[in-house]
Amino acid sequence: MNELDLFGARGGPASVIHVLADEAQKCQAVLQSMLPRESNSKEVDSSLLAVISFPSFAVDDPMLIKLTRDTIQDKLQGRYGCKRFLRDGYKTAKEDPSRLYYEPWELKRFEKIECEWPLFYCYLILDYCFQNDKEAVKEYAEMLEELLVTTEDGLRLVPEIYTVPAENVEQEYKEPGSQDRVAVGKLPFMWAQSLFIMGRLLQDNFLACGELDPLNRRLGSEKKPDVVVQVVVLAEDSSIQAKLQALDIPVQTIAEVSPIEVQPARVLSKLYAHLGRNQKLGLSGRQSRDVGILSTSKLYSLQDRIFAFTPQFVDRQRFFIASDLDLLLDIFKTELNFLQYTWKHMLGRPIVTLEINQSFLEDGKIPTAMVSTLKKIKSGYINGTRVALGKMQEFLNTSCITSLNFLHDNENGYPDSLKPEVKDYLEKQMRGSLSWRRADLVRMSSRFGEKKSIRDPSARRRFSVKGTIRKSRTLLVDDEKASAITKERQKLETVEANVPSRRRSGLDHIFYYGEAYGPTLGLTLEVPSQGSSRRESTVTSPTGEQGPPILEVSCPATPTRVTPPLSSRSRSPSPEKEELWESMVRHRVASDAVYENVEFEELLLQMREAESLEEQGDILHYLVVQFGLNYETGSVIEGQPVIVKDLLKDLYERACHDKNWALVRHTAGMLGKRVEDLAKAVTDLLVRQKQVTVGLPPLHEVTITAPLPASELRVLIHNAYGADESTAMLTQELLVYLAMFIRTEPSLFHEMLRLRVGLIIQVMASELARTIKCEADIASDHLLNLSPFEMKNLLHHIMSGKEFNIGSARSGTFFISSKSTKLSKKGLHAEKKSTIGSFLGTTVEGEARDLEADRHGQWLRRRRLDGALNRVPLNFYPRIWKILEKCQGINIEGKVIPQSLTQEMTAGELKFALEVETVLNTIPQPEYRQLVVEALMVLSLVREYHQTGWLGDIVSAQDIVHLANNIFLQDQKQEGGDATTCCARDKKEPGIGGGLTCGGAAYICIHFYDSAPSGKFGTMSYMIRAVCCNLNCFPQDGEMDCTVS
């Protein structure tokens, strides 16, 4: 419908429908990700025949069309037509016609007796006519002939439905499809009758398929030539152009493509915000400001000008991931591949404009990665995508050009003129006049230095805020530490709630929840005496317990009041306004004003003297928390006061330049930045039937089940992580990467319903700790300091389950590469080495020993990864449904999946899968969750192969796992296995926090987690033995064959 004029030749710009290509593609993704399901509550519906075939032809994937058709025929087809959907009670003998609705518990009554509709035979005949499958047409035509009702006049009419008579219902329950049905409802059923007539006309060659489908939509699934993506590379100035020409890559400058205007994607999004806007009707226009690669790959005409737009992902002003050249080039290749497969139903080829500016240069040279990418584009192929590199003017005749006529001022009666606000905006952009931007704020340190301290330097207060950023993080890797801190936090929050408000003034209200729990800013005051000696005063909680010092402040003995911790401050749900975002990051007490000027000046002096960006970051973090983003520093540049936010912006830009990614992520969070594609990324995941949770489990997870505006998503994520800006920004980043993967590699997400980003972050940190052999908290620091490209690479390895190597460069950054192992005559060796080299600098023999050691722990890691990703075996949820048919319910850690769900839902419903998933997600340890999944799979095998009528009342999955673990430990004692060093010892010693010595989660031996599923000593064998002991449906005496096939 894009660019369809509703009034035809009599219409004009105001009557044209505009559909953004990215929005249409998103709808296509929704449809294709749902099929063959009809909705969350219907696992299949015969009406989908009208979607995959005549008249819609809405699906262009031949395999998906076949899968949907086969599913309908397998589950819904009968002798008299097809059922609409499973458990359809319409006009059945068990239906109560006096009610307009069904109770959930009665849906089970309609199973196996649903009415069958000849209508869908008519659809199948038309479908096979369009496929030119004459045998199938003949088969269904004969079946339909037997269902037609002949009138006295000899007319052959198609009835509405066939139903099972009331007296035959019980027999039909016992033997589905055995009873004859009778025609009820309308006769003729005009919908079916019209399709029947069209089918006969097609069969008798009175109609051609093209006459019923003049738009040729039926050809959408036919194989077509590959799309050629046109690429235009522009240099910012002549110096960059000369550098590229020296490398045999001829490009134009932006000035040379005139009169074509090249603008960033944010300009296009601003223009599309006027689409549908009408003040007289009270219409606000398009709300979403995101424009995808499909929209920016067109040229746009407006009056006598043509506009080209650079992709949104290259806009460095929006988010920091564009500052990582490796990631930017990787995204660029991915988007080119995405264009090749999604550029459909549009006239012309896509055109991608890439601008190379000074920010891309490294030491004044074009980076090697950029040169390599440009040369691949010049060759005509890049990552399997056909591309054509050329000049903008050369591609004008072959590109897709869209009109922006909706920007004309039709509302006020000036159809030939642009809206005044649009005209002003475009003139401003084309003049290149940017909003006022402060000069390099690094130079302001000299201005701060010019101010003399109001005190003698020997007596001035010294502030040490080192480590405040690190202590604001909440990322936990160790399960025991996490649980201990969670309990301590709950205890302290309870105590704080009972403390009178007058006790919370001054220092008494500050609590230290532990280094790993960061939403607090605990303080330790170091107060020097009259001489040079100091005495330390440690902050205490109302319980009298001392906490370790976080922030050290050296000052004369002066009473001071401290700002409440960030975790106790209210957050605004609308961060679009600066003053509201300000309230989300700080809250002050009135008495702080007495000393704020002195403190501020001293901290600014320290920031000037700071030797590292990290130290400046710690100081600015403290300033933002204590004084706020809009606090004036006392300096003025170009007539405007410099505020703390300006200092933070400058630090952010310098951190981007220096590739200090941990500091970049934290400062971006403090500034309230968000990924420009955040809302689009989350929507890409949701439309493909994946739910998303953010926050660190188990207490702060928030589930996102519907698309939200970017501003609301930013607040939701911010609130989920408290004051931990670093992890909040990392979450936004990972959501973008996950959206990239699901668009280009959907197979990575098979059998995954819910993406728990917080748990994925924890597993990424633990995998990093394992690989580089360091402590968990150090691994968290390394994780946050990974470049965006390496972060995406690590996430991909986690999602795909691949082993990986980590290399280290001289700068201290890490590089992640794939690793595969195989056994040869010479032993275990690596097929592919790290491109940078081993992080530990081991020799070949040392690498072989490390690979041998990696075999220990591989099943633990596999279970941990699958549990964190919520990945389950194929057909897992229908198997659970069948287990519930044989018991009253399944107990998982105190949560029961009741049998009543089988009365309300069918086995393939998404709603049922989500119910099971919700219960499984109450298990905080991913590896333990995966063992529970394995136990449930064993139960399903028992239900499938052991002919028993009943498994028991409430089957406890965790009891099966723990019993299997106990049997495993008994075997380990007898065989002298690895577990004899920990849990299988006669004399057991408690571990950290009262857990196991080996550190196994949920009191399961870590060696059991690390056991392969198959084999004599595999987990499945122990699960089967535990099931036999746990359930009462097995004979207690004699021998049984427990062979695992």
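If you count by the working numbering, then the sequence shown holds residues 1101 to 2145, one letter each, in order. Ideal Cβ placement from N, Cα and C applies to all residues, glycine included. Every value quoted in this text rests on a predicted model; they were computed, and no experiment measured them.
### Query
In chain order, what residues of the same chain lie with their CB nearer than 6 Å to the CB of R1555, ignoring the 5 residues before and after it?
Position 455 of the sequence shown, counting from 1, holds the residue named residue 1555. Any answer about R1555 is weak, because its pLDDT of 43 lies below 50 and its placement is not dependable; what the coordinates show is given next. Result list for R1555: empty, nothing under 6 Å.
### Boundaries of the alpha helix (DSSP H) in which N1991 is found, first to last residue
Residue numbering aside, residue 1991 sits at position 891 when the sequence shown is read from its first letter. Unbroken run through N1991 is the beta strand (DSSP E), 1987 to 1992; no alpha helix (DSSP H).
#### Entry: Residues bridged to I1431 [DSSP beta-bridge criterion]
Stepping through the sequence shown from its first residue, residue 1431 is reached at position 331. I1431 pairs with nothing; no bridge assigned.
### Message
Only counting the same chain, and skipping five residues up and downstream in sequence, which positions put a Cβ closer than 6 Å to that of S1605?
### Response
Here residue 1605 is taken as the residue at index 505 of the sequence shown, counted from 1. In this prediction, S1605 scores a pLDDT of 31, lower than 50, which makes its location untrustworthy; no coordinate-derived value is stated.
### Message
Below 8 Å on the Cβ atoms is my contact criterion, and I expect M1298 with L1287 to pass it. Report the Cβ-Cβ distance as a whole number of Å.
### Response
Taking the first residue of the sequence shown as position 1, residue 1298 is located at position 198. Taking the first residue of the sequence shown as position 1, residue 1287 is located at position 187. The Cβ separation is near 19 Å, so there is no contact.
#### Entry: Straight-line gap, S1472 to A1762 (C-alpha atoms, nearest Å)
Locating residue 1472 in the sequence shown gives position 372, where the first residue counts as 1. Locating residue 1762 in the sequence shown gives position 662, where the first residue counts as 1. Cα to Cα, the separation comes out at about 28 Å.
### Query
Per DSSP, which one or two residues make a beta bridge with T1502?
For the purposes of this step, residue 1502 is identified with residue 402 of the sequence shown, where counting begins at 1. T1502 is bridged to Y1400.
### Task
List the residues that DSSP assigns as beta-bridge partners of H1818.
Translated into the one-based positions of the sequence shown, residue 1818 becomes position 718. Partner(s): none; H1818 has no beta bridge.
### Message
Let's see if you can read the secondary structure: which residues bound the alpha helix (DSSP H) around Y1221?
### Response
Position 121 of the sequence shown, counting from 1, holds the residue named residue 1221. That run of the alpha helix (DSSP H) goes 1219 to 1231.
### Message
For a quick check, are the C-beta atoms of K1208 and Q2003 less than 7 Å apart?
### Response
Counted from its first residue, the sequence shown places residue 1208 at position 108. Counted from its first residue, the sequence shown places residue 2003 at position 903. Contact: yes.
### Query
Whose C-beta lies closer than 7 Å to the C-beta of T1434 among residues of the same chain, with five residues either side of it excluded?
Locating residue 1434 in the sequence shown gives position 334, where the first residue counts as 1. Here the set comprises M1840, T1844.
### Task
Per DSSP, which residues does L1971 bridge with? Please list them.
On the sequence shown, position 871 is the one that residue 1971 refers to. One point to set straight first is that residue 1971 is Arg, not Leu, in the sequence displayed. Per DSSP, M1852.
### Query
Mind checking M1530: buried by the 16 CB within 10 Å criterion, or exposed?
In the sequence shown, residue 1530 corresponds to position 430, counting from 1. The residue is exposed, with fewer than 16 neighbouring Cβ atoms inside 10 Å.
### Query
What are the start and end residues of the beta strand (DSSP E) that includes F1407?
Position 307 of the sequence shown, counted from the start, is the residue given in the question as residue 1407. F1407 -> beta strand (DSSP E) spans 1405 to 1409.
### Query
First and last residue of the alpha helix (DSSP H) that includes Y2103?
Taking the first residue of the sequence shown as 1, we reach residue 2103 at position 1003. Careful: Y2103 lies outside any alpha helix (DSSP H) and carries neither H nor E.
### Task
Could you have a look at Q1789 and say whether DSSP puts it in helix, strand or coil?
Locating residue 1789 in the sequence shown gives position 689, where the first residue counts as 1. In the structure shown, Q1789 sits in coil (DSSP, three-state: anything other than H, G, I, E or B).
### Query
In chain order, which alpha helix (DSSP H) runs of at least 4 residues are fully inside the segment 1224 to 1311?
1234 to 1245, 1269 to 1274, 1290 to 1303
### Limits of the unbroken alpha helix (DSSP H) element including Y2028
As a working note, residue 2028 is residue 928 in the sequence shown. 2026 to 2045 is the extent of the alpha helix (DSSP H) around Y2028.
### Task
Output the residue ranges of the alpha helix (DSSP H) runs that lie fully inside the segment 1710 to 1777 and measure 4 residues or longer, sorted by chain position.
1713 to 1727, 1744 to 1758, 1761 to 1770
### Query
Around the Cβ of K1892, are there at least 16 other Cβ atoms within 10 angstroms (buried) or fewer (exposed)?
Position 792 of the sequence shown holds residue 1892. It counts as buried.
### Query
When burial is assigned at 16 or more other CB atoms within 10 Å of the CB, is P2024 buried or exposed?
Within the sequence shown, numbered from 1, the residue matching residue 2024 stands at position 924. Under this definition P2024 is a buried residue.
### Task
Tell me, please, whether the segment 1768 to 1788 touches the segment 1824 to 1832 by the rule of three or more beta-carbon pairs shorter than 8 Å.
yes
### Task
In the DSSP assignment, find the unbroken beta strand (DSSP E) run with P1183 in it and report its ends.
Numbered from its first residue, the sequence shown carries residue 1183 at position 83. The sequence given here has Lys at residue 1183, not Pro. 1181 to 1183 is the extent of the beta strand (DSSP E) around K1183.
### Message
Can you tell me whether F1107 is buried or exposed? The criterion is at least 16 other CB atoms within 10 Å of its CB, across all chains shown.
### Response
As a first step, residue 1107 is located in the sequence shown; it is residue number 7 there, counting from the start. By the 10 Å Cβ count, F1107 comes out exposed.
### Message
Check whether the segment 1400 to 1415 and the segment 1788 to 1801 are in contact - that is, three or more C-beta pairs closer than 8 Å.
### Response
no
### Message
Could you tell me the alpha carbon to alpha carbon distance between D2071 and V2061, rounded to whole angstroms?
### Response
As a working mapping, residue 2071 is identified with position 971 in the sequence shown. As a working mapping, residue 2061 is identified with position 961 in the sequence shown. If I take the Cα positions, the gap works out to 15 Å.
### Task
Apply the 10 Å Cβ neighbour rule to P1450 and answer buried if 16 or more other Cβ atoms are within range, or exposed otherwise.
Taking the first residue of the sequence shown as 1, we reach residue 1450 at position 350. When all chains shown are included, P1450 counts as buried.
### Message
Between L1302 and L1219, how many whole angstroms is the CB-CB distance? I'm expecting something under 8 Å.
### Response
In the sequence shown, the residue the question calls residue 1302 occupies position 202. In the sequence shown, the residue the question calls residue 1219 occupies position 119. That belief does not hold up - the Cβ atoms of L1302 and L1219 are roughly 17 Å apart, past 8 Å.
### Task
Spell out the partners DSSP gives H1956 in its beta bridges.
Position 856 of the sequence shown, counted from the start, is the residue given in the question as residue 1956. Partner(s): none; H1956 has no beta bridge.
### Message
Whole angstroms are fine: how far does the CA of I1804 sit from the CA of L1347?
### Response
Here residue 1347 refers to the residue found at position 247 when the sequence shown is read from its first residue. Here residue 1804 refers to the residue found at position 704 when the sequence shown is read from its first residue. L1347 and I1804: Cα-Cα distance of roughly 48 Å.
### Task
Determine the burial state of L1621: buried for a count of at least 16 other Cβ atoms within 10 Å of its Cβ, exposed for fewer.
Here residue 1621 is taken as the residue at index 521 of the sequence shown, counted from 1. In this prediction, L1621 scores a pLDDT of 33, lower than 50, which makes its location untrustworthy; the coordinate-derived value is nonetheless stated afterwards. That one is buried.
### DSSP three-state assignment for R1870, whether helix, strand or coil
Residue mapping note: residue 1870 aligns to position 770 of the sequence shown, counting from 1. Residue state, collapsed to three classes: helix.
### C-alpha gap between V1595 and Q1726, whole angstroms
The residue given as residue 1595 occupies position 495 in the sequence shown. The residue given as residue 1726 occupies position 626 in the sequence shown. The predicted position of V1595 is uncertain, since its pLDDT is 43 and thus under 50; a value taken from the coordinates is nonetheless stated next. Those two C-alpha atoms are separated by around 25 Å.
### Query
To which residues of the same chain is L1135 closer than 6 Å at the C-beta, ignoring the five residues directly before and after it?
Counting from one through the sequence shown, the residue named residue 1135 turns up at place 35. For L1135, where only same-chain residues beyond five positions count, the Cβ hits under 6 Å are L1164, T1168.
### Task
Tell me, please, whether the segment 1965 to 1981 touches the segment 2036 to 2043 by the rule of three or more beta-carbon pairs shorter than 8 Å.
yes
### Task
Give the straight-line distance between the Cα atoms of C1756 and R1708, rounded to the nearest whole angstrom.
Taking the first residue of the sequence shown as position 1, residue 1756 is located at position 656. Taking the first residue of the sequence shown as position 1, residue 1708 is located at position 608. Distance between the alpha carbons of C1756 and R1708 is about 19 Å.
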